[in-house]
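Per numbering that gives the first Met the number 0, residue 0 is the first one in the sequence shown, and the count goes up by one each step.
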Amino acid sequence: MTIESIQYWDVFPKLVRVSISGFAQYIPLSIRGEIATPVFESSNPDIAVVDEAGNVMCGFQTGAAMIMVWDSPDRGSLRHVQVEVYGNLASPSEPPEEPEVPY
Numbered sequence: 000m001t002i003e004s005i006q007y008w009d010v011f012p013k014l015v016r017v018s019i020s021g022f023a024q025y026i027p028l029s030i031r032g033e034i035a036t037p038v039f040e041s042s043n044p045d046i047a048v049v050d051e052a053g054n055v056m057c058g059f060q061t062g063a064a065m066i067m068v069w070d071s072p073d074r075g076s077l078r079h080v081q082v083e084v085y086g087n088l089a090s091p092s093e094p095p096e097e098p099e100v101p102y
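Structure representation (structure tokens):
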């Protein structure tokens, strides 16, 4: 392998951080550089899923996942996107409990 045969490529954003929601949140990934056929995979589909076009869907459950992006089905070169879903989902029918106040 020569320096001329190494192609720059990367995926953005590097970090997706959203608050939990009752609605799906979609974040499209952007690939910079020249790669033939990217392959996308989530380390934790309960937190974030990614389709074959690089669209991440998350926000239903708190936690973290890593989206892995390979440059081809041969999986020769890898990039990562970190996904974090945080917060509490308070439902109008179930408000947070009030702390006890001593009198």
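All C-beta atoms in this analysis are idealised placements derived from N, C-alpha and C, irrespective of residue type, glycine included.
Remember, predicted model here, so these are calculated numbers, not experimental data.
Residue(s) in a DSSP beta bridge with residue i
i   : result
Y25 : M56
G32 : W8
C-beta atoms of residue i and residue j nearer than 8 Å
i   : j   : result
E33 : W69 : no
A23 : N43 : no
G62 : D50 : no
P37 : G21 : no
L88 : I19 : yes
Coarse secondary structure for residue i, derived from DSSP in three states
i   : result
D9  : strand
G75 : coil
S18 : strand
E93 : For E93, the predicted structure reports a pLDDT of 49, less than 50, and the residue's modelled location is therefore unreliable. The matter cannot be settled from this model.
S41 : strand
G62 : strand
E99 : coil
E51 : coil
Proximal residues to residue i (C-beta, below 8 Å), its chain only, five neighbours per side dropped
i   : result
A47 : V15, S41, V55, M56, C57, A64, I66, V82, V84
P72 : T36, V38
Same chain, Cβ closer than 7 Å to residue i, five either side skipped, listed in chain order
i   : result
R31 : W8, D9, F11
V17 : Q24, C57, G58, V84
Candidates the options: closest to residue i by CA position
i   : options       : result
G75 : E99, A35, F59 : A35
Q6  : E99, L77, V17 : L77
F59 : G86, V80, K13 : G86
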